[in-house]
Structures are given as structure tokens and as C-alpha cells.
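Each protein sequence line maps, in turn, to chains D and B. Residue numbering for the first sequence follows our numbering, starting at 275 and increasing by one per position. Residue numbering for the second sequence follows our numbering, starting at 275 and increasing by one per position. From the three backbone atoms N, C-alpha and C, an ideal C-beta is built for every residue, glycine too. None of these values were measured; they are calculated from a predicted model. To start, the structure under review is shown below, and the notes come after it.
Protein chains: 2
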Amino acid sequence: MTCKACNETWPPPHHRIADFDLTVAYLFEDQFFPGWTVLVLKRHATELYELTEEERSQMIEEVTAMAKALAFEFQPVKMNYELLGNQLPHIHWHIIPRLAGDPAPLQAVWTVPHQPKSLDEQTRASLIVRLQTALHR
Amino acid sequence: MTCKACNETWPPPHHRIADFDLTVAYLFEDQFFPGWTVLVLKRHATELYELTEEERSQMIEEVTAMAKALAFEFQPVKMNYELLGNQLPHIHWHIIPRLAGDPAPLQAVWTVPHQPKSLDEQTRASLIVRLQTALHR
Numbered sequence: 275m276t277c278k279a280c281n282e283t284w285p286p287p288h289h290r291i292a293d294f295d296l297t298v299a300y301l302f303e304d305q306f307f308p309g310w311t312v313l314v315l316k317r318h319a320t321e322l323y324e325l326t327e328e329e330r331s332q333m334i335e336e337v338t339a340m341a342k343a344l345a346f347e348f349q350p351v352k353m354n355y356e357l358l359g360n361q362l363p364h365i366h367w368h369i370i371p372r373l374a375g376d377p378a379p380l381q382a383v384w385t386v387p388h389q390p391k392s393l394d395e396q397t398r399a400s401l402i403v404r405l406q407t408a409l410h411r
Numbered sequence: 275m276t277c278k279a280c281n282e283t284w285p286p287p288h289h290r291i292a293d294f295d296l297t298v299a300y301l302f303e304d305q306f307f308p309g310w311t312v313l314v315l316k317r318h319a320t321e322l323y324e325l326t327e328e329e330r331s332q333m334i335e336e337v338t339a340m341a342k343a344l345a346f347e348f349q350p351v352k353m354n355y356e357l358l359g360n361q362l363p364h365i366h367w368h369i370i371p372r373l374a375g376d377p378a379p380l381q382a383v384w385t386v387p388h389q390p391k392s393l394d395e396q397t398r399a400s401l402i403v404r405l406q407t408a409l410h411r
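Written as C-alpha cells, this is what we have:
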């Protein structure tokens, strides 16, 4: 097991927001873009076309539920949804609210050089609870 | 109608690869990353949570079919799938094969400064036919 999503060394367990049927949502370590969330498929797969049609339907519902909760909490100008896997070829979605005041509102987040921002434990835990509440609305 | 996806001024009609039920696939103008395709929703919507569950399921099948055809044609190391809308808030997916020899294999394409690459008309038409053939396999 060399896949860090499979052996659960990434993302950090205490960043977990929600345990869906097929995926687990975590607050991304770097919160420079507030609310950046990663949704990780529980089973190992790399591409959409390796999943069954049923898995894809269920997964996109989970992506959507998480995005809707983030939108409720952050009132973004736009949501970004990205399934890349260039560094970790295990299906995981980046779901990123792009807020008013974003440093590069017309560009993908990857173009923005910045110091990664970690939340302190209390701030992170509080945000996770708010997102869990938003998910259950 | 100020949305350029709705008034069909983008993408260029002669870049069309396929007309799916809910989306239309086009070869992206900039082919610096070979095979870069955009899949544009026919109706105007901005976020996943504005679609019905049925639309989301069908749309992710169309994304997957296009990705599979691109993978057949280009044999990528990884596929990238991105739904951003920062510049054009009308649902459109960027589906990008990342090939062996990619200039930044671990990074998102947006981080790679480059001169946009247009294909000449014959090369583009020929690639579109090959992708159409791959879609019908």
C-alpha cells in the first residue's frame, strides 16, 4: 500500500468533515483559499472511466452536497471543482469556494503563489462543525 | 444573451467533436496540451447544485465518455477534469490528457506559461475525426 489516500496518511484524519457512501470529505490543509475541501474516494481508482455508472452518479451527488454546504457557509462568487490526480493518482476532488476578495478571481487557484495557511485547531474544528451543520440542512 | 456559451460564440463551431444529450464537446483552441477538450452544458447553469440529479448523472457520463475517447487516442499518464467557470460562469468541463513528456506533469495546466498553440485546419479536422471514431468504439 503505497497510495497515501489508501493507507489513510492523507488527508489528516482530524480534518474530516463528512463520511459519505463512496467518499470522505476533509478540510484541505492549506486554507489560504477559505473552505478548500478535498473529497477522497474510499476505494482506489484513478480515472472516472474506471468507476461504474452507479459509482459516478453517487460520487457526483456527494461532490454536489459538499459544494452546496460550502456555498451556504461561504457565499462564494463561484465554486471550483477539480479532479486532477497528477501528484496522487487516487480519485479525489478539490472543491474550492472562490470568495469576493479572491486574489485572482479569474484564474485557477494553482496560479496563485502564497504561503500555505494552516488554521489553528479551534478555528478548524469550529469550521468543520459549521460545514457539518450546513450538510444536514 | 451576454453569455458566450449561450449565444454560441464560444467555443468555435468548427471545433465541435460531439453533440451529447446535455453537453457539446469541442477541441479547445489552445492545443499546447494535446487533446485538451471542453464539454459545454447546453442549458445555462453555473453550479452543480443548480442541476437536477438526473442531469448530473447524465453529464458525468458524457464527461466520462469524452475522457475515455481522449485516453484511447492519447494514452495519457493521467486525465484532468476541471469545472471552474471563473471567467465564464456557464458549466463547462476542461478535460485534459496529461501525456508522457508533459512539461509539468505534477502540476495543473494553468501553472504552465506557454504560447497558445493553434492547429492548422487539416490537423484539427483529422484529430476531431479520430476522437469521433474513438467515441463510437
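- For A374 (chain D), the closest of D:D394, D:P350, D:A408, D:A399 by C-alpha to C-alpha distance is D:P350.
- Counting along the chain, A399 (chain B) sits inside the alpha helix (DSSP H) bounded by residues 395-409.
- Taking the beta carbon of Q389 (chain B) as reference, no residue of chain D falls within 8 Å; the closest one sits roughly 17 Å away.
- Listed along chain B are E321, L322, Y323, each with a C-beta nearer than 9 Å to that of A341 (chain D).
- Residues of chain B whose Cβ lies closer than 8 Å to the Cβ of E335 (chain D) are, in chain order, E327, R330.
- Distances from the CA of C277 (chain B) to each of B:A382, B:Q396, B:R404, B:Q361 were compared; the closest alpha carbon is that of B:Q361.
- Contact check for M353 (chain B) against A341 (chain B) passes: the beta carbons are separated by less than 8 Å.
- Scanning chain D for C-beta atoms nearer than 8 Å to the C-beta of L409 (chain B) yields nothing, as the closest lies near 12 Å away.
- Across the region 364-382 of chain D, CB contacts with chain B closer than 7 Å involve R372, P379, L380, Q381, A382, in sequence order along the chain.
- Using a 10 angstroms sphere on the CB of R317 (chain B), the tally of other CB atoms stays under 16, which defines it as exposed.
- Among the residues of chain D, those whose CB is under 9 Å from the CB of T385 (chain B) are A382, W384, T385, following chain order.
- The C-beta distance from H364 (chain D) to L313 (chain D) rounds to 12 Å, too long to meet the 8 Å contact threshold.
- Unbroken beta strand (DSSP E) runs of no fewer than 3 residues, entirely contained in the region 325-393 of chain B, are found at 352-357, 366-372, following chain order.
- Close partners of K352 (chain D) in chain B (Cβ separation under 9 Å): T320, E321, L358, G359, N360, P363.
- Chain B places a beta carbon closer than 8 Å to that of Y355 (chain D), counting this residue as a contact.
- Take R411 (chain D), set aside five residues on each side of it, and the residues of its chain with a beta-carbon closer than 8 Å to its own are A343, F346, in chain order.
- Taking a beta-carbon distance threshold of 8 Å, T297 (chain B) does not count as an interface residue toward chain D.
- Within chain B, the residues E321, L322, Y323, L325, E327, R330 have their CB atoms less than 9 Å from the CB of T338 (chain D), given in chain order.
- Residue nearest to L301 (chain B) within the set B:D295, B:P285, B:D293, B:L315 is B:P285 (criterion: CA-CA distance).
- Closest in C-alpha terms to Q381 (chain D), from the list B:P308, B:L409, B:V386, B:A378, comes B:V386.
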